[in-house]
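Protein chains in written order, with this note's numbering: chain G, 24 to 571; chain S, 138 to 320. Taking it in order: structure first as structure tokens, then the write-up.
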């Protein structure tokens, strides 16, 4: 134990004080810098996408509101969804992945550092290209899933959807590159002793997730290529007036789109698996089940896409098949909830901010999961599709699942990335404000949906309860905005004068906490022997090492 | 490592082409799609060019064999042969495009068949072109004094890619040219 701490302490403050020159950030291929830039990209677009959401909630706060033009409202919800999914969640999870994965497996770099940098920049430029549409005559306005034939030239006359297609195509190429890079890194660059049965669960999730990215994104890229051919050189893939097919777009989009929602959640599952272990002071309960159920999710996720299309009239046979597969995919997810509960059970719990988000996730994600199972029942789907119930459901899984995971990751790894501790008290304020605001906004929308309020309407008549519930939902959105401002302040303050972070501030188990905070350019000079899933536990407790 | 990377890359490319193929087949029953495919495509020209592309896989294997033995002169010759066969295939595709557009008035915007046909074969052609560029780059590398090690590392990965492009063409050729005669 003593040797461990002396080793890390004498390395500690050197790296944190030095500031990198500006040009370094444009030329770097260091996976840690790339990871941080991914996260900054995500934060940048998070602020923009969140502002779009606030504008929508202002418009919807009262009945018959004429503040925003319907055209503007269409652009706002399209940009909000597209931004949050492709340019906030994707860069955030890829950023965490490329930052943490090499450190966790004891590697000094990704397998392809320059490919890594290429993927970051092409994703960033994809996002900027999407937003350039505003200067080019109008943002895309056909929703984030951009259904045909609404996405055709004759219905959407501005250039917005061209930029949507090109921006997403670029980002998609970037994501596939990073997926391939991560797989090769995990499979070929693990430190001696770390078999695939011993890699941290975050790395397992990143690995499975990368296979999902490599397998799912190309379907979207193909659909986007066809869409661009339609719009730019007058092909007829999705142009129903000339024999094209609107259903083809839906099939291709959701063949990508449903794996995509698992792509957004799996890295978060990985984060939670680490956080629950460390802050319960215990090993994961059922390592093999967490890893195995993830593989099951990944395989099943390619066979559920039609549950987004129950209302298109594909017939009872098709609907029943996909209803069954959609219910099936709830099982491996449910398994994990019990793994995490079992990990907490009897543990020495420490409710730090990452742990708070992880515990909140268990509750919020279960709510989102249950409303999801409800949607797999075809008649319920017919009743509720395109209503605010869908909006509530998807935000419970995206925010309560994916975004909470990214927040937990941020608070967990910020000390490692910056060499500074985040303020826990501000962090707890942020947590409570955000969670209360989130539930206020979206729990209410379940009821609005059940009452029949359709999504994507720019205003509504003054029906009993509509105004009250919508007003409360808008108030919740502003609570979340306030919370995010607190987070930004916390980040700003901690980077400038937060207390320096030791190498291992959380008494954690995995290799990234062995090197200094922040790690030197070459991550590791030497590594402890890896004889189990928790090398750092073995190092700190030589009297009681893990057996696996 | 590079071979693993290339296998993953072609895995993702395979999904891309499967999506395009599904798009093509999705329109099979719409209108006179299959009749157009049978009447306006020229299978008699397509078959020899298909054989040219398939034989390029064999020439690549020969190049790889010589490369492994360290006979760099012969390896270079067969690599350039492979690239040439790729170019011959592309010229065949160019001829087919020219004939369709000029004589048959089949274009990307003339019908759903045109859109699906040109997208599918066009994206495959782009992949052949990418492969030719990779082959020429590889040939150039192998002539450099300090490029030999890079060439040795790259040749396996480029081989996987080149064979993949062939396999995709078998799928495309079967779907586009043969299927109208079977169904």
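Beta carbons are placed, not taken as given, at the ideal position from N, Cα and C, and that holds for glycine.
Worksheet item: Would the segment 462-482 of chain G and the segment 402-415 of chain G be scored as touching if the rule is three or more Cβ pairs under 8 Å?
Response: yes
Discussion item. Please identify the residue among G:60, G:176, G:497, G:472 whose C-alpha is closest to the C-alpha of residue 257 (chain G).
Written reply: To locate residue 257 (chain G), count along the first chain from 1; it is residue 234. The option with the nearest alpha carbon to residue 257 (chain G) is G:176.
Discussion item. So for residue 286 (chain S), helix, strand or coil by DSSP?
Written reply: One-based indexing of the second chain puts residue 286 (chain S) at position 149. Note: residue 286 (chain S) maps to helix in three-state DSSP.
Discussion item. On the criterion of 16 or more Cβ atoms from any shown chain inside 10 Å, does residue 98 (chain G) qualify as buried, or is it exposed?
Written reply: As a position in the first chain, residue 98 (chain G) is number 75, starting the count at 1. It counts as buried.
Fill in: residue 127 (chain S) classed as buried or exposed, judged by whether at least 16 other C-beta atoms fall within 10 angstroms
Given that chain S is displayed from residue 138 to residue 320, the structure contains no residue 127 (chain S) and the question cannot be resolved.
Worksheet item: Listed in chain order, which residues of the segment 231-265 of chain G have Cβ atoms closer than 9 Å to some Cβ of chain S?
Response: 233, 234, 236, 237, 238, 239, 240, 241, 242, 243, 244, 245, 246, 248, 249, 252, 253, 256, 257, 258, 259, 260, 262, 265
Worksheet item: Along chain G, in chain order, which residues have C-beta atoms closer than 7 Å to that of residue 241 (chain S)?
Response: The residue labelled residue 241 (chain S) in the question sits at position 104 within the second chain. Those do not exist, as residue 241 (chain S) stays about 17 Å from chain G at its closest Cβ, beyond 7 Å.
Item to complete: For residue 249 (chain S), return the contacting residues in chain G, with the cut-off set at a CB-CB distance below 9 Å.
Response: In the second chain, the residue the question calls residue 249 (chain S) occupies position 112. Those are 258, 259, 260, 262, 265, 266, 267, 268, listed as they occur along chain G.
Fill in: CB contact below 8 Å: residue 152 (chain S) versus chain G
Here residue 152 (chain S) corresponds to residue number 15 of the second chain, with the count starting at 1. Taking Cβ atoms only, chain G reaches closer than 8 Å to residue 152 (chain S), which makes this a yes.
Discussion item. Rounded to the nearest angstrom, what separates residue 202 (chain S) and residue 269 (chain S) at their Cα positions?
Written reply: Along the second chain, one-based indexing puts residue 202 (chain S) at 65. Along the second chain, one-based indexing puts residue 269 (chain S) at 132. Their Cα atoms are separated by approximately 19 Å.
Discussion item. Checking the sheet assignment: what are the DSSP bridge partners for residue 443 (chain G)?
Written reply: The residue labelled residue 443 (chain G) in the question sits at position 420 within the first chain. DSSP lists G:523 as partners of residue 443 (chain G).
Worksheet item: Got a sec? Which residues, its chain only, sit under 7 Å from residue 319 (chain G) by beta carbon, not counting five neighbours each side?
Response: Sequence index remark: in the first chain, residue 319 (chain G) carries index 296 (1-based). So the qualifying residues of the chain are 355.
Discussion item. Let me make sure I understand the geometry here. Which of G:533, G:418, G:208 has the alpha-carbon closest to that of residue 561 (chain G)?
Written reply: Counting from 1 along the first chain, the entry for residue 561 (chain G) is found at position 538. Residue G:533 is the option with its Cα nearest to residue 561 (chain G).
Worksheet item: chain G beta carbons: is any one of them nearer than 8 Å to that of residue 287 (chain S)?
Response: As a first step, residue 287 (chain S) is located in the second chain; it is residue number 150 there, counting from the start. False, the Cβ-Cβ gap to chain G never drops below 8 Å.
Worksheet item: Of all the CB atoms in chain G, is at least one closer than 8 Å to the CB of residue 254 (chain S)?
Response: The residue labelled residue 254 (chain S) in the question sits at position 117 within the second chain. By this cut-off, residue 254 (chain S) is not an interface position.
Worksheet item: From residue 312 (chain G) to residue 362 (chain G), what distance separates their C-alpha atoms?
Response: If you number the first chain from 1, residue 312 (chain G) lands on position 289. If you number the first chain from 1, residue 362 (chain G) lands on position 339. So the two alpha carbons sit approximately 8 Å from each other.
Worksheet item: Just by C-beta distance, which residues in the segment 176-205 of chain G are closer than 7 Å to chain S?
Response: 199, 203
Discussion item. Taking DSSP's pairing of strands, which residues face residue 477 (chain G) in a bridge?
Written reply: For the purposes of this step, residue 477 (chain G) is taken as residue 454 along the first chain, with counting starting at 1. According to DSSP, residue 477 (chain G) bridges with G:410.
Item to complete: Measure the alpha-carbon distance for residue 565 (chain G) versus residue 305 (chain G) and round it to whole angstroms.
Response: Position 542 of the first chain holds residue 565 (chain G). Position 282 of the first chain holds residue 305 (chain G). Those two C-alpha atoms are separated by around 16 Å.
Discussion item. I want to know whether the segment 206-214 of chain S touches the segment 250-263 of chain S - three or more CB-CB distances under 8 Å.
Written reply: no
Practice prompt. From the DSSP output, in three-state form, read off residue 201 (chain G) for me.
Written response: As a working mapping, residue 201 (chain G) is identified with position 178 in the first chain. Residue 201 (chain G) falls in the helix class under three-state DSSP.
Practice prompt. Given a cut-off of 8 Å, decide if residue 158 (chain S) and residue 189 (chain S) are closer than it, judged by their beta-carbon atoms.
Written response: Walking along the second chain from the start, residue 189 (chain S) turns up at place 52. Walking along the second chain from the start, residue 158 (chain S) turns up at place 21. For residue 189 (chain S) and residue 158 (chain S), no; Cβs fall outside 8 Å.
Worksheet item: Nearest to residue 491 (chain G) by alpha carbon, out of G:261, G:86, G:61?
Response: Residue mapping note: residue 491 (chain G) aligns to position 468 of the first chain, counting from 1. Nearest option by C-alpha distance: G:86.
Worksheet item: Should residue 359 (chain G) be labelled buried (16 or more other beta-carbon atoms within 10 Å of its own) or exposed?
Response: As a working note, residue 359 (chain G) is residue 336 in the first chain. The residue in question, residue 359 (chain G), is buried, as its Cβ has 16 or more Cβ neighbours within 10 Å.
Discussion item. Just to check my reading of the structure: residue 444 (chain G) and residue 524 (chain G) have Cβ atoms closer than 8 Å, yes? What is that Cβ distance to the nearest angstrom?
Written reply: Within the first chain, the letter at position 421 stands for residue 444 (chain G). Within the first chain, the letter at position 501 stands for residue 524 (chain G). Their Cβ separation, rounded to whole angstroms, is 5 Å, which keeps residue 444 (chain G) and residue 524 (chain G) in contact under 8 Å.
Item to complete: Rounded to whole angstroms, what's the CA-CA distance from residue 572 (chain G) to residue 119 (chain G)? Just pull it up for me.
Response: Since the first and last residues shown for chain G are 24 and 571, residue 572 (chain G) lies out of range.
Worksheet entry | 7 Å CB neighbourhood of residue 200 (chain S) in its chain, flanking five on each side removed | Residue 200 (chain S) sits at position 63 when you count from the first residue of the second chain. 212, 215, 216, 219.
Worksheet item: Counting only runs that start and end within the segment 368-429 of chain G, where is the beta strand (DSSP E) found for 3 or more residues in a row?
Response: none
Worksheet item: Does the beta carbon of residue 338 (chain G) come closer than 8 Å to any beta carbon on chain S?
Response: As a working mapping, residue 338 (chain G) is identified with position 315 in the first chain. So, not an interface residue.
Worksheet item: Using a beta-carbon distance cut-off of less than 7 Å, what residues from the segment 345-370 of chain G approach chain S?
Response: none
Worksheet item: CB residue 139 (chain G) to CB residue 121 (chain G), shorter than 8 Å?
Response: Taking the first chain and counting its residues from 1, the one referred to as residue 139 (chain G) is at position 116. Taking the first chain and counting its residues from 1, the one referred to as residue 121 (chain G) is at position 98. Cβ distance < 8 Å, so residue 139 (chain G) and residue 121 (chain G) count as in contact.
Worksheet item: Apart from the five residues just before and just after residue 30 (chain G), which ones in its own chain have a Cβ nearer than 7 Å to its Cβ?
Response: Numbered from its first residue, the first chain carries residue 30 (chain G) at position 7. Low local confidence applies: a pLDDT of 41 at residue 30 (chain G) is under 50, so the model's placement there is unreliable, with the coordinate-based value given in what follows. Annotation for residue 30 (chain G): no residue places its beta carbon closer than 7 Å to its own, counting only its chain and skipping 5 residues before and after.
Discussion item. Determine, for residue 284 (chain S), whether the minimum Cβ-Cβ distance to residues of chain G falls below 8 Å.
Written reply: Within the second chain, numbered from 1, the residue matching residue 284 (chain S) stands at position 147. Cβ-Cβ to chain G under 8 Å: no for residue 284 (chain S).
Worksheet entry | Contacts of residue 148 (chain S) in chain G (Cβ-Cβ under 8 Å) | As a first step, residue 148 (chain S) must be located in the second chain, where it is residue number 11. Within chain G, the residues near residue 148 (chain S) are 237, 238.
Practice prompt. Please report the residue range of the alpha helix (DSSP H) in which residue 89 (chain G) lies.
Written response: As a first step, residue 89 (chain G) is located in the first chain; it is residue number 66 there, counting from the start. Per DSSP, residue 89 (chain G) belongs to no alpha helix (DSSP H) and is neither H nor E.
Item to complete: Work out the CA separation of residue 459 (chain G) and residue 42 (chain G) for me, nearest whole Å.
Response: Here residue 42 (chain G) refers to the residue found at position 19 when the first chain is read from its first residue. Here residue 459 (chain G) refers to the residue found at position 436 when the first chain is read from its first residue. Answer to the nearest angstrom: the Cα atoms are 38 Å apart.
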